[in-house]
Amino acid sequence: MATKHRTILPTQQRQLAWLVALAAMLSSLVAGGLWIEESRDLYRQQARAEVTTRAAHTGNLLESRLNATLASAHALATIARDAEHTEHAFQILAADLLRHHSLISALSLSPGGVISQVMPREGNEAALGFDQLASEGQRHETELTRDSQQLTVAGPLDLVQGGRGIVARLPVFRPDAAGNERFWGFANVTIRLSQLEEILQLGSLVDEGLDFLLWRQHPLTGAPEVIAASTPTPLTDAVTLALNIPNVAWQLSVLPRDGWRSPPWLPAAVGLAAIFSLLLAFLAKTFIELRWYRSHLSREVAQRTEQLRTSLQRYRAYISCSGTGAWEFTPGEGKLVCSAEYFEMLGYKPGDLGLDTGDNALALCNRLIHPDDATRIRDKYRQYRKNGCRGTLEVQMRLRHRDGHWISVLSRGRPLVEGSCGDSCVIMGTHIDISGLVNIRAQLKLSLRVLNQVREGVLIASADQRILAVNRAFEEITGYSRLECLGRPAKMLSEGMHTPGFLRTIVDNVSRDGFWQGEVWSQRKCGKVAPMRASISQVLNEQGSVSHYIGVLSDISQLKQSQAEVQRLAYYDSLTGLPNRAMLEERAEYALKLARHGKRSLAVMLLDLDNFKNINDSLGHETGDRLLQRIAARLRKHMPEENTLCRLGGDEFALLLPDTDASEAAHYAQDFLREVGKTFSLAEHELSLTCSIGIAMFPGDGDTLKQLHTNADTAMYRAKQRGRNRYSFYTSEMQALSLRQLTLENALRRAIDAGQLQLYYQPQQDLHSGALVGAEALLRWEHPVMGRISPSEFIPIAEDSGLILPIGEMVLRQAARQIRDWLDAGIAPPRIAINLSAIQFHQPDLPQTILSILDEYDVPSSRLELELTESMTMEDPEQAASMIHRLHEAGVSLTIDDFGTGYSSMSKLKHFRISKLKIDKSFVRDIVNNTDDRVIVGTVVSLAHSLGLRCVAEGVETHAQKQMLHTLGCDHIQGFHFGRPMSAARTGDFLRRQDSPGSRNPSREPGPVAGAASTAD
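Those letters in the sequence shown? Residues 293 to 1309, by our numbering.
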């Protein structure tokens, strides 16, 4: 092959080329420099002319406006010559001049140089009495003005009234007695510099990109003084114009803010001149060199042609031997030339296609390319051309074989000249049939994709059971990476997990059947042992010998956990871990069979926590759940293994005690009461609570778990009714009581709609005046079959069943309707008191409900009084205070009922907006004979009066009780001594008698406190 070399220009020719290039460059630079300098001078002259024109326009405007303003001094001098009416004329003329000349800040007259009159006076008071001829700062210019006898502008100077400005002074002369003109004083026009600059619009120069300086030379020192300027920087080489200002020389200098700039095209012109000079030098040098290269190249062409002919012959020999097809593509001509081998791989022989060597085969090849590949190949070719034909162009395509099937071909090509990518370039390349390789690769990709997509771990081991490959799922399941597994024994995961006999069984099954499947224990990389489902298969080669083993592994930990969780959820409580109702039923069935067979006793015990809802409501359900867990742990400690402790739900537990008699059951119940009663420490809370236990015994109380459970539940509720924190055995009387409560509850639901519930009213009396001050509404139930049912019996049932809310609303409506009926009948009823239940009081919409009922029957809120118990207000004092405040704002009075029977916080009570305390009848019953009761009642009365409240005592039945209460200072009484509860009709008659002449009720208007209302006696 020919050696690549670079032709070197001879030294003599190279020196000549450089000399010619240098001479051409110098000549061009001199000519360009002269032209650029002349052009820059013309540009700057034009810029100065434009600035001079703008400055002249501004100067003329300044002269005309300033001279017109300063002419006001002549008008002032005219009136100054009038010795009689100077002051009055000055006021009139000065006001008129100030209206017409906005530039003037002050006008003044200074006889003898001392200012005696100034206009406007406001803001210029300091100028009065100012001696211009005696002032150190103004004396010299004032004297020059007087001596010149002409209007003269002085300043800039510091004004005596503040600020800086200019003063135009006109000397005024008056004739004396002899007729000679004598100096009288000055007529002054004062202009502030700030107004001068603003009104003369000097700022417009700045808006146009010009800096200005308005200045003068001091008449004595000749020093320049700035009158107005846009910048503190001196203006160098500025356009300066002289202004015609009375008897003074002002100058206006103007300069572009960025100075006199060069033409914007100057850098481009300089660069163009330099480029032109270099280009000229290069052309001159190139011309000399080309003359030499022209003769030199003609000699090398012949030599290179021979070398290329030899290379082409070698290339064609290589292509013919390699079994590949060669091609050559010229983009500019759109010509594709292919070798004979190119078409032979497609099944064509020379001459089958009618193409000779060198013919264009582009159209034929485009027809042979698969349609799905054509667009991709064109895009890749365009991108290759766009990138400058760098590197190798490589595309894979499908070409149609002569018999119609498609073969995969790999085509590679490069430009004949590296980096050449024009239309005249030539790209040469080869084609090779890779159909077999493509098919194998597709099958391998599919196999690998399937292997990695399955969720089971797969390993392939050699005949000696060494791992050769694993899939992605195997890595995830075991924690070992592919590299960590390769070459290791296939039993690496289960080694040490099973007995040798189990492993030998697996090997025997695989050898005999070629397959084994089952569950094994496997150890992950992290050391954790997990259950796995495994299958092992052997692979035989053509000779029938084992070549490989294939193992499939799936993690069944989650399945095992799910099965265990299902078992746990089905039979155990998720919060406490105790058995649940389902397991209780299973164990009870087995225990009952043993008890029947052996004729043994068995106890079923139900345990329910007392007032557990209060803990959930006050401390939250999370605290309640933790407390249930602690209780379960305590109870579990005192349970033998043969007994069953279950949580049925909420705060209810069940105990199954096989082979246990009544005495032993009682012993267990006492232990449970003691353990539950111990204090529980939960975070910052110390909690104490009790429980109620009901016990049912087999076989006396039932033969099935359902019967025993029902009867134990009845006994448990009996324990709660007897005061809680106790246990109770089931008795037949409890069954009757439970049946009675169920019957009453069902009857009560029907009684609401049937109108069987009616209100009775018990009057209240003022102890001091004897007047009727209120009445308490009492609910009565008259059943058509069972007769009259006591409120103490049906009210608790209503509260437990949730019926208290509709009953409470019914009481409010019935009372409001009755008040309305009495008012319509001309009867003025006292304030009616209605007792609220705890459930009603905690309803957030209670005020709206009460007001809507009062509005419905057009009853004033002052006619209604609500009664609350101590316990209702102390459960949540803040919420109670808020509710009481809302009711009070609605105009409804409130009373604390049964005061003294509960625990009250005095600090909380004083914040409640209540009107009355009601003393419970238990303190009134023995008040005459019992000293303690008298002390308690006296204390309550004193407490109420100290808080500004009234007291009402209920249950007053004797005159002696009434007298004692009067002595203790009680305000009102209620009881049989004054009046029994009466129906609405009898109460109306009672009220009419109270209104009749001679009655003891001097005042029917409700007092400042309210009575109490009740749904019970």
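The C-beta atom is built at its ideal place from N, Cα and C for all residues, glycine as well.
Spatial neighbours of Met1008 in its own chain (CB-CB distance under 8 Å, excluding positions within 5 residues in sequence) are listed in chain order as Leu898, Leu899, Asp900, Ser984, Ile985, Gly986 and Ser1020.
A direct Cα-to-Cα measurement between Val410 and Ala419 gives close to 8 Å.
Ranked by Cα distance from Ile1131, the first of Leu729, Pro1121, Ser1093 and Gly1118 is Ser1093. By DSSP's assignment, Val531 forms a beta bridge with Val546. One Cα belongs to Met789, the other to Thr996, and the distance between them is close to 49 Å. Restricted to the segment 1023-1081, the beta strand (DSSP E) segments that are unbroken, complete and at least 3 residues in length are 1049-1058, 1064-1075 and 1079-1081, listed in chain order. Phe475 and Arg438 do touch by the CB rule: their CB atoms are close to 6 Å apart, below 8 Å.
Between Lys577 and the set Thr350, Ala313, Gly643 and Tyr585, the nearest pair of CA atoms involves Ala313. His432 carries a helical assignment under DSSP once its states are collapsed to helix, strand and coil. Ile1099 is the residue among Ile1099, His349 and Arg484 whose C-alpha sits nearest the C-alpha of Trp1073.
Secondary structure note for Tyr841: its beta strand (DSSP E) is the uninterrupted segment Val838 to Asp847.
In the structure shown, the three-state DSSP call for Asn1222 is coil.
The way I'd put it, the segment 918-934 does touch the segment 959-972; three or more beta-carbon pairs between them come closer than 8 Å. Take Leu547, set aside five residues on each side of it, and the residues of its chain with a beta-carbon closer than 6 Å to its own are Asp503, Leu527 and Ala530, in chain order. Around the Cβ of Gln595, a 10 Å sphere holds fewer than 16 other Cβ atoms; the residue is exposed. Runs of the beta strand (DSSP E) lying entirely within the segment 813-900, each at least 3 residues long, are 821-832 and 838-847 in chain order. Only residues of its own chain outside the window of five on either side were considered, and among them Leu1104, Arg1105 and Ala1108 have a CB closer than 7 Å to the CB of Ile1145, listed in chain order.
Secondary structure remark: continuous beta strand (DSSP E) runs of at least 3 residues inside the segment 1107-1182, in chain order: 1123-1127 and 1156-1161.
Straight across, the Cα-Cα distance linking Gln962 with Gly994 is about 23 Å. Assignment of Trp310 by DSSP, reduced to helix, strand and coil, places it in the helix class. Around Asn1017, the same chain offers Asp902, Leu965, Gly969, Thr982, Cys983 and Ser984 as residues with beta carbons nearer than 8 Å, after the five sequence neighbours per side are excluded.
About 5 Å separates the beta carbons of Glu1249 and His1269, which is inside the 8 Å limit, making them a contact pair. Under DSSP, Asn536 takes part in a beta bridge, and its partners are Ala541. DSSP places Gln409 in the uninterrupted beta strand (DSSP E) bounded by Gln409 to Met411. Comparing alpha-carbon positions, the option among Leu462, Leu1000 and Ser554 lying closest to Gln338 turns out to be Ser554. In this structure, Arg780 sits away from Arg764, with a CB-CB distance that is not shorter than 9 Å. Taken through DSSP and simplified to helix, strand or coil, Phe1270 comes out as coil. No Cβ-Cβ contact shorter than 9 Å links Gln1110 with Ala1252.
Excluding the 5 residues flanking it on each side, Ile519 has same chain C-beta neighbours closer than 8 Å at Gly447, Pro448, Ile458, Leu485, Leu488, Leu506, Trp507, Arg508 and Trp542, in chain order. Leu645 sits close to Ala653, with the two beta carbons spaced by under 9 Å.
Annotation for Ala862: Ala874 place their beta carbon closer than 7 Å to its own, counting only its chain and skipping 5 residues before and after. Taken in chain order, the complete beta strand (DSSP E) segments of 3 residues or longer contained in the segment 375-408 are 398-403.
Nearest to Gly1271 by alpha-carbon distance, out of Gly819, Val812, Gln830 and Leu1064, is Leu1064. As computed with DSSP, Arg508 is found in a beta bridge with Glu517 and Trp542. Less than 9 Å separates the beta-carbon of Ala880 from that of Leu948. Boundaries of the alpha helix (DSSP H) around Lys1254: His1251 to Leu1260.
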